[in-house]
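If you're matching positions, the sequence shown starts at 0 in numbering that gives the first Met the number 0 and goes up one per residue.
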Amino acid sequence: MTPGEVLVLFGGGLVAGAVNAIAGGGSLITFPLLVGLGLPGVAANVSNALSVAPGYAASAVGSRPDLVGQGPRVRMIVPVAVLGTLCGSAVLLFTPRSVFDFVVPFLLLGAAALMALQNRLRFSGGSSPRRATLLTVFLCGCYGGYFNAAMGVLLIAGLGLVLDESLQRISALKNVFSAVVGVTTVLLYSVFGPVDWAVVAVLGPATIVGGFFGARLTRRLPAEGLRWTIVGFATVVAVVLLLS
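Structural data, given as structure tokens:
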């Protein structure tokens, strides 16, 4: 990588880490950046997953005040999140890469749509049985294991429908879930995936810094402009991939 590419990646990692902590969807920044640098789709996906994992952990640490009283819920969702992630990762690693290249533009469009509808979905409220919560976590884990981008958006939308909690507490739970998915994919992809370790060395530290401070800013930073910028960016990238 050239020095300019390193700076672009580091800056993208800072923004992505903060976005993941605040709203989710930071990988919609870093994944297209990696594709733009010439990485194949699967290599970009697994390298991105490893890069953003430390930022997820930092976001979870920064969200500790909003996790008070959620210990039983965290212990309930962790094993389900791991199981879902393993399923999604297995599909990614053991299916032809041409399948991923075909599917990823549609996943990007779906993720962008989820981000566009994020507020409408997340504030639907209401409580549902425990089974609905576990199903939501499992399905989001499958998605996160296969394609990391906008995983947090999907989970916030899903948990907002099944949990009667404030957005801040749901976001904190999302950060824990994302950290679990991150650790699981790190263990899998570092052994079985086509990882570009130079990319990870640049993006990883950047997402840690961005994730920690992003979690601290969650309560007071307006994210609407950034959210719609990401929606537009992801949509353009998806269209370009479809036409390429």
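No residue lacks a Cβ here, since even glycine has one placed at the ideal position from N, Cα and C.
Selected residue, minimal CA-CA separation from residue 164, among 72, 186, 188 and 208: The candidate whose alpha carbon is nearest that of residue 164 is 72.
Residues near residue 43 in its chain [Cβ-Cβ closer than 7 angstroms; skip 5 each side]: These residues qualify, in order along the chain: 30, 33 and 34.
Let's see if you can read the secondary structure: which residues bound the alpha helix (DSSP H) around residue 40? Note, residue 40: alpha helix (DSSP H), 40 to 61.
Candidates 241, 40, 201 and 86: which alpha carbon is nearest residue 4's? Comparing Cα positions, the closest option is 201.
Enumerate in chain order the residues of its own chain whose CB-to-CB distance from residue 58 is below 8 angstroms, with the five nearest sequence positions on each side excluded. Here the set comprises 16, 19, 20, 174, 177, 178, 210, 211, 213 and 214.
Would DSSP call residue 167 helix, strand or coil? Residue 167 falls in the helix class under three-state DSSP.
Check whether the Cβ atoms of residue 113 and residue 153 lie closer than 8 angstroms to each other. Result yes, Cβ atoms of residue 113 and residue 153 sit closer than 8 angstroms.
Can you tell me which of the three DSSP states residue 1 falls into? In the three-state DSSP reduction, residue 1 falls in the coil class, being neither helix nor strand.
May I have the straight-line CA-CA distance separating residue 188 from residue 45, to the nearest angstrom? Computed Cα separation, rounded: 6 angstroms.
Distance, residue 157 Cα to residue 241 Cα: Taking the straight line joining both Cα atoms gives about 27 angstroms.
Could you tell me if residue 40 is buried or exposed, where buried requires 16 or more neighbouring beta carbons within 10 angstroms of its beta carbon? When all chains shown are included, residue 40 counts as buried.
Going by other Cβ atoms of all chains shown within 10 Å of its Cβ, with 16 needed for buried, is residue 116 buried or exposed? Note on residue 116: under 16 other CB atoms within 10 angstroms of its CB, so exposed under the neighbour-count rule.
Alpha carbon to alpha carbon, how far is residue 123 from residue 159? With a pLDDT of 48 at residue 123, under the threshold of 50, the modelled position of that residue is not reliable, and the figure given next carries that caveat. Counting only the Cα atoms, residue 159 lies some 6 angstroms from residue 123.
Under the rule that 16 or more other beta-carbon atoms within 10 Å means buried, what is residue 64, buried or exposed? When all chains shown are included, residue 64 counts as exposed.
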